[in-house]
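What follows is a single structure, written as structure tokens, with notes after it.
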Amino acid sequence: MIGGLLIDISGVLHVGDTPVPGALEALHRLREAGYALRFVTNTSRRPRSAVIDRLQRLRMPVQRDEVVTAPLAGRRWLEVRGLRPHLLIHPDLMPDFQGMDCRDPNAVFLGDAGEYFDYPCLNRAFRILTTGAPLIAVARNRYFREADGLSLDLGAFVAALEYAAETEAVIVGKPSPDFYAVALADMGMEPQRVLVVGDDVEADVLGAVAAGLKGALVRTGKYRPGDEERLEGTGARCYTDLGEVSEYLININS
105 MIGGLLIDIS
115 GVLHVGDTPV
125 PGALEALHRL
135 REAGYALRFV
145 TNTSRRPRSA
155 VIDRLQRLRM
165 PVQRDEVVTA
175 PLAGRRWLEV
185 RGLRPHLLIH
195 PDLMPDFQGM
205 DCRDPNAVFL
215 GDAGEYFDYP
225 CLNRAFRILT
235 TGAPLIAVAR
245 NRYFREADGL
255 SLDLGAFVAA
265 LEYAAETEAV
275 IVGKPSPDFY
285 AVALADMGME
295 PQRVLVVGDD
305 VEADVLGAVA
315 AGLKGALVRT
325 GKYRPGDEER
335 LEGTGARCYT
345 DLGEVSEYLI
355 NINS
């Protein structure tokens, strides 16, 4: 029986600064029904504090300690291994890495730098990688949805550095099992009791199933017609939105 949900933030709860219709009401229903909730994101253009502030500004009933972000999972990964990263990230994300030793880097940490990606910064990262330093990336998502349409995501830049440096990146965000393990430990639940709800069929749903969790794809955010065909044989299901997910869970447990 499902006892908790890991809910992707962007595309499930909001798109840009616009709430997804029905998301707020769905969260209230899930809380009232007693489900444990955690909110997860691969977003790496803004710090965790800004992610939380936006959710609260949109009146989403989310507590600060319920938000799990890929960049902070990445920081923990680096610190455990004693690595000094060259940070190729958006300037707004720097607060999440305050206090890290980045002198004489022996690793490259890659986040979504957005408009700050350019040839000089990518080439510097490439040169560090050619010394044998590992490449650690938040995610390899292909694209995400903004208010004005789809936008290129981090995966293209990960692939470019992997190809040029003949290396393979370690992914610390979704769909990495290590990322889900962090969220599960925080919830105190076994994976088979947790449902991951997301708009990304690869990173959210198929990644969750591969890590032993349950998966639910919603037709909001970056969802594209036909994505649900990839769920065949996985046990995951497709829903209209978070509202339909909440109704289904509450009905089967009533």
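The letter at position 238 of the sequence shown is residue 342 when you use this note's numbering, and the numbering goes up by one with no holes.
Think of the CB as a built atom: it goes at the ideal place given N, C-alpha and C, for glycine as much as any other residue.
Only a predicted model underlies this, so the values are computations on that prediction, with no experimental measurement involved.
In the three-state scheme derived from DSSP, where H, G and I count as helix and E and B as strand, E270 is classed as coil. Close CB contacts of Y220 within its chain, under the 7 Å cut and outside five residues either way in sequence, are with H194 and P195 (chain order). A320: member of the beta strand (DSSP E) spanning K318 to V322, first to last residue. Between the C-alpha atoms of E266 and E272 there is a straight-line separation of about 6 Å.
Within the same chain, Cβ atoms closer than 8 Å to the Cβ of T234 are found at A269, the five residues on either side in sequence being excluded. Contiguous alpha helix (DSSP H) elements confined to the segment 191–252 occur at 223–233, taking only those with 4 or more residues. Under the three-state reduction of DSSP, P295 is assigned to helix. Of the other Cβ atoms in all chains shown, 16 or more fall within 10 Å of the Cβ of P151; this residue is therefore buried.
Contact holds between the segment 133–151 and the segment 339–356, because three or more Cβ pairs, one in each stretch, are under 8 Å apart.
The alpha-carbon of C342 is positioned some 16 Å away from that of V298. Per DSSP, reduced to three states, the secondary structure at V262 is helical.
For Y352, the enclosing alpha helix (DSSP H) has its first and last residue at L346 to I356. Buried is the label assigned to L321, since at least 16 other Cβ atoms lie within 10 Å of its Cβ. In the structure shown, Y327 falls within a coil segment according to DSSP collapsed to helix, strand and coil. Around the beta-carbon of D208, fewer than 16 other beta-carbon atoms lie within 10 Å, marking it exposed.
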